[in-house]
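Note sheet for the following structure.
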Amino acid sequence: MQRGQPAAVSTPRDVPAGRRRVLLSGLLLGAGAAGAVDEIVFHQLLHWHHFYDRASGAAGLVSDGLLHAATWSATVAGLALLADVRRRGTWSPATWWGAVLLGAGAFQTWDGLVHHKLLRLHQVRYGVDLTGYDVLWTGAGLLVGLAGVLLVLRGRRA
Amino acid sequence: MTSLVWVVAVAAVAAYLVAAGQRPWPVARTASWLAGVGCAVAALTVPAAGHSGGSAHPDLRAHMAAHLLLGMVAPVFLALARPVTLTLRALPVTAARRVGRLLRTPPVRVLTDPVVATAVNVAGLWLLYGTGLLTAVLHSPSLHLLVSGHVLLTGWLATTAVLALEPTAHRRGVVVRAVALAGGMAAHDVLAKTLYAFPPAGVTGAEAGARLMYDGGTVVHLVVAGLLWRQWYRSRASVRAAALA
Numbered sequence: 079m080q081r082g083q084p085a086a087v088s089t090p091r092d093v094p095a096g097r098r099r100v101l102l103s104g105l106l107l108g109a110g111a112a113g114a115v116d117e118i119v120f121h122q123l124l125h126w127h128h129f130y131d132r133a134s135g136a137a138g139l140v141s142d143g144l145l146h147a148a149t150w151s152a153t154v155a156g157l158a159l160l161a162d163v164r165r166r167g168t169w170s171p172a173t174w175w176g177a178v179l180l181g182a183g184a185f186q187t188w189d190g191l192v193h194h195k196l197l198r199l200h201q202v203r204y205g206v207d208l209t210g211y212d213v214l215w216t217g218a219g220l221l222v223g224l225a226g227v228l229l230v231l232r233g234r235r236a
Numbered sequence: 234m235t236s237l238v239w240v241v242a243v244a245a246v247a248a249y250l251v252a253a254g255q256r257p258w259p260v261a262r263t264a265s266w267l268a269g270v271g272c273a274v275a276a277l278t279v280p281a282a283g284h285s286g287g288s289a290h291p292d293l294r295a296h297m298a299a300h301l302l303l304g305m306v307a308p309v310f311l312a313l314a315r316p317v318t319l320t321l322r323a324l325p326v327t328a329a330r331r332v333g334r335l336l337r338t339p340p341v342r343v344l345t346d347p348v349v350a351t352a353v354n355v356a357g358l359w360l361l362y363g364t365g366l367l368t369a370v371l372h373s374p375s376l377h378l379l380v381s382g383h384v385l386l387t388g389w390l391a392t393t394a395v396l397a398l399e400p401t402a403h404r405r406g407v408v409v410r411a412v413a414l415a416g417g418m419a420a421h422d423v424l425a426k427t428l429y430a431f432p433p434a435g436v437t438g439a440e441a442g443a444r445l446m447y448d449g450g451t452v453v454h455l456v457v458a459g460l461l462w463r464q465w466y467r468s469r470a471s472v473r474a475a476a477l478a
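So the protein sequences, as listed, match chains A and B. In my numbering, each residue carries its 1-based index in the first sequence increased by 78. In my numbering, each residue carries its 1-based index in the second sequence increased by 233.
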């Protein structure tokens, strides 16, 4: 991040570098925001998820802790990078929003497939038939991610 | 025990004030030092803090509130006060050179690396809460004081290393420091959840205590992450890069 750039920085060669930073900022914020929404809405407001699900054992404790730390750290880093791209003037709304959606979708899909189904850490909801919830949860992730990819591609043409 | 805490605290404040008073030194750093010492003293002397000794079933929530103050809040204030930088400026040249050489010796260089310092801090916590040490600490005031000193010092070391606040031989980049901080936060979270799931024997309020550790830890870690990235945003290298872009 702190590479000492030579004087002739504003050559076309460096446009992709600025764009990479816009993408990185969006991805970090998207994944972080999806994690925060998951935590606030489903844990705190709806109480569908639990602080600790007794069935999931040690793997659940570790993955929850890791994910919590990773998403919040990503949010702060994403905000700092966002401030920097705004300052540099390399800000591109389509690319950034696309990256946010892609980050959020990727997080949601990963959460739905790996955490809920593969590792069986915890479920979307308890005491109900899960099929509809699972399809919605993971499907929403895929759709949001796809929308993100389309936006990012549009941002590249712009 | 309480009088020992007060003696150390008064000495720390007096030494800092004398050193800062002799040169131009930001008032904010002095205020930060006072706040840090104040937090540590409060954590160690307020009787509700769960280290009263004799009680048969100590309350983990009270203990955790005190430890949050001692191991996380106080270290952030103390680190921001940059006591090592002040010491180097206050000492006569030859003595300052000697301290500078000490800071460059291999053991100090290893210990002040953000990854190592964070690992040391977290390992101490796991040792305290993951073994029978907690029960022993809750029943022995002198052991409690010893462990508290360790918690405070390693917390200060980790915060100082992550924020790269003091002159060290080589500085790690912002990404390494942010990842070290996130790793420490993850280990802290996992430990808090483990305490919630498997409460230590002989304490009350374990679930509330574990929640407090988890939520309080999140808030302080986010504050440190915010300070770290603000520092990066304002650093000369990124300001220059932005101006040229």
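Just so it is clear, CB atoms sit at the ideal spot from N, CA and C, and this is done for glycine as well. Note that this is a predicted model, so its numbers are computed, not measured.
- prompt: Is it true that the CB of T392(B) sits closer than 7 Å to the CB of A312(B)?
  reply: Taking the second sequence and counting its residues from 1, one reaches residue 312(B) at position 79. Taking the second sequence and counting its residues from 1, one reaches residue 392(B) at position 159. Yes. Within cutoff.
message: Which residue wins for smallest C-alpha separation from D142(A), given the options S468(B), A439(B), V456(B) and D422(B)?
response: Stepping through the first sequence from its first residue, residue 142(A) is reached at position 64. When S468(B), A439(B), V456(B) and D422(B) are compared, the shortest CA-CA separation from D142(A) is found for D422(B).
task: Can you tell me which of the three DSSP states T437(B) falls into?
output: For the purposes of this step, residue 437(B) is taken as the residue at position 204 of the second sequence. When DSSP states are grouped into helix, strand and coil, T437(B) belongs to the strand group.
query: Which residue from L228(A), W215(A), L231(A) and A155(A) puts its Cα closest to that of F120(A)?
result: Counting from 1 along the first sequence, the entry for residue 120(A) is found at position 42. The residue with the shortest Cα to Cα distance from F120(A) is W215(A).
Exposure of H454(B), with buried meaning 16 or more beta-carbon neighbours within 10 Å: If you number the second sequence from 1, residue 454(B) lands on position 221. H454(B) is buried by the Cβ-count criterion.
query: Using the C-alpha atoms, what's the distance from A152(A) back to G304(B)?
result: By 1-based counting over the second sequence, the position of residue 304(B) is 71. By 1-based counting over the first sequence, the position of residue 152(A) is 74. Near 24 Å, if we compare the C-alpha coordinates of A152(A) and G304(B).
message: Please classify P84(A) as buried or exposed, where buried requires at least 16 other C-beta atoms within 10 Å of its C-beta.
response: Looking up residue 84(A) in the first sequence gives position 6. Residue placement at P84(A) is poorly supported in this model, since its pLDDT is 45, which falls under 50; the coordinates are not used for a value here.
task: Going by CA-CA distance only, name the one from A248(B), T437(B), Q464(B) and G388(B) that's closest to L293(B).
output: Counting from one through the second sequence, the residue named residue 293(B) turns up at place 60. Comparing C-alpha distances from L293(B) to each of A248(B), T437(B), Q464(B) and G388(B) shows the shortest one belongs to T437(B).
query: Where in the stretch 148-192 of chain A do unbroken runs of the alpha helix (DSSP H), each at least 4 residues long, occur, reported from the N-terminal end onward?
result: You should have 171-188.
- request: Under 8 Å Cβ to Cβ from L414(B), same chain only, skipping five residues before and after it: list those, please.
  value: To locate residue 414(B), count along the second sequence from 1; it is residue 181. These residues qualify, in order along the chain: P347, T351, V395, H454, V457, A458 and L461.
message: Does any residue of chain B have a CB that is nearer than 7 Å to the CB of A161(A)?
response: Walking along the first sequence from the start, residue 161(A) turns up at place 83. A Cβ of chain B is located within less than 7 Å of the beta carbon of A161(A).
- prompt: Shortest alpha-carbon distance to D448(B) belongs to which of K426(B), L319(B) and L336(B)?
  reply: Within the second sequence, the letter at position 215 stands for residue 448(B). Among K426(B), L319(B) and L336(B), the Cα nearest to that of D448(B) is on K426(B).
query: Per DSSP, what kind of secondary structure is D448(B) in: helix, strand or coil?
result: As a first step, residue 448(B) must be located in the second sequence, where it is residue number 215. D448(B): helix per DSSP, three-state reduction.
task: Output the distance between the C-alpha atoms of T364(B) and L386(B), rounded to the nearest integer angstrom.
output: The residue given as residue 364(B) occupies position 131 in the second sequence. The residue given as residue 386(B) occupies position 153 in the second sequence. Roughly 20 Å between the two C-alpha positions.
- request: Using a cut-off of 8 Å between C-beta atoms, extract the partners of L144(A) located in chain B.
  value: Counting from 1 along the first sequence, the entry for residue 144(A) is found at position 66. The answer, in chain order, is A419, D422 and V423.
query: If you draw a straight line from the alpha carbon of G138(A) to that of P340(B), how long is it in whole angstroms?
result: As a position in the first sequence, residue 138(A) is number 60, starting the count at 1. As a position in the second sequence, residue 340(B) is number 107, starting the count at 1. In this structure, the CA atom of G138(A) is about 37 Å from the CA atom of P340(B).
message: Taking the alpha carbon of V384(B) as the reference point, which residue from R463(B), L302(B), R334(B) and P432(B) has its own alpha carbon closest?
response: By one-based count along the second sequence, residue 384(B) stands at place 151. It is L302(B) whose Cα lies nearest to the Cα of V384(B).
- prompt: Would DSSP call D212(A) helix, strand or coil?
  reply: Taking the first sequence and counting its residues from 1, one reaches residue 212(A) at position 134. Of the three classes helix, strand and coil, the one that applies to D212(A) here is helix, per DSSP.
- prompt: Between T401(B) and T451(B), is the Cβ-Cβ spacing less than 7 Å?
  reply: Residue mapping note: residue 401(B) aligns to position 168 of the second sequence, counting from 1. Residue mapping note: residue 451(B) aligns to position 218 of the second sequence, counting from 1. Contact flag unset, no.
message: Given a cut-off of 7 Å on the beta-carbon distance, is the pair V100(A) and T173(A) in contact?
response: As a first step, residue 100(A) must be located in the first sequence, where it is residue number 22. As a first step, residue 173(A) must be located in the first sequence, where it is residue number 95. Cβ atoms of V100(A) and T173(A): closer than 7 Å.
task: Taking the CB atoms as reference points, tell me whether R404(B) and A411(B) lie closer together than 7 Å.
output: Here the question's residue 404(B) lines up with position 171 in the second sequence. Here the question's residue 411(B) lines up with position 178 in the second sequence. Judged by their CB atoms, R404(B) and A411(B) are not nearer to each other than the 7 Å cut-off.
- request: Kindly list the residues whose CB is nearer than 6 Å to the CB of T263(B), restricted to its own chain and excluding five residues on each side of it in sequence; keep chain order.
  value: The residue you call residue 263(B) lines up with position 30 of the second sequence. Within the same chain, Cβ atoms closer than 6 Å to the Cβ of T263(B) are found at A253, the five residues on either side in sequence being excluded.
query: Going along the chain, which residues of its own chain have a beta-carbon closer than 7 Å to the beta-carbon of L102(A), five neighbours each way excluded?
result: Sequence index remark: in the first sequence, residue 102(A) carries index 24 (1-based). Here the set comprises L159.
- prompt: Name the residues in the stretch 357-372 of chain B whose C-beta lies less than 9 Å from a C-beta of chain A; which are they?
  reply: Flagged: no residues at all.
- prompt: Does DSSP put S285(B) in a helix, in a strand, or in coil?
  reply: The residue you call residue 285(B) lines up with position 52 of the second sequence. In this predicted model, S285(B) has a pLDDT of only 48, less than 50, meaning its place in the structure is not dependable; the value taken from the coordinates is given anyway. It is coil, neither helix nor strand.
field: Same chain only: Cβ atoms within 7 Å of A328(B), ignoring 5 sequence neighbours per side
entry: By 1-based counting over the second sequence, the position of residue 328(B) is 95. Same-chain partners within the cutoff: there are none.
query: Taking DSSP as the reference, what is the three-state secondary structure of D346(B)?
result: Taking the first residue of the second sequence as position 1, residue 346(B) is located at position 113. Three-state result, D346(B): coil.
task: Figure out for me which residue from V140(A), G96(A) and H146(A) has the closest Cα to the Cα of A111(A).
output: For the purposes of this step, residue 111(A) is identified with residue 33 of the first sequence, where counting begins at 1. Cα-wise, what sits closest to A111(A) is H146(A).
- prompt: Roughly how many whole angstroms lie between the Cα atoms of D207(A) and T278(B)?
  reply: For the purposes of this step, residue 207(A) is taken as residue 129 along the first sequence, with counting starting at 1. For the purposes of this step, residue 278(B) is taken as residue 45 along the second sequence, with counting starting at 1. The C-alpha of D207(A) lies about 53 Å from the C-alpha of T278(B).
query: Apart from the five residues just before and just after V230(A), which ones in its own chain have a Cβ nearer than 8 Å to its Cβ?
result: For this step, residue 230(A) is matched to residue 152 along the first sequence. L101, A172, T173, G176, A177 and L180.
query: Helix, strand or coil: how does DSSP classify A323(B) here?
result: In the second sequence, residue 323(B) corresponds to position 90, counting from 1. A323(B) falls in the helix class under three-state DSSP.
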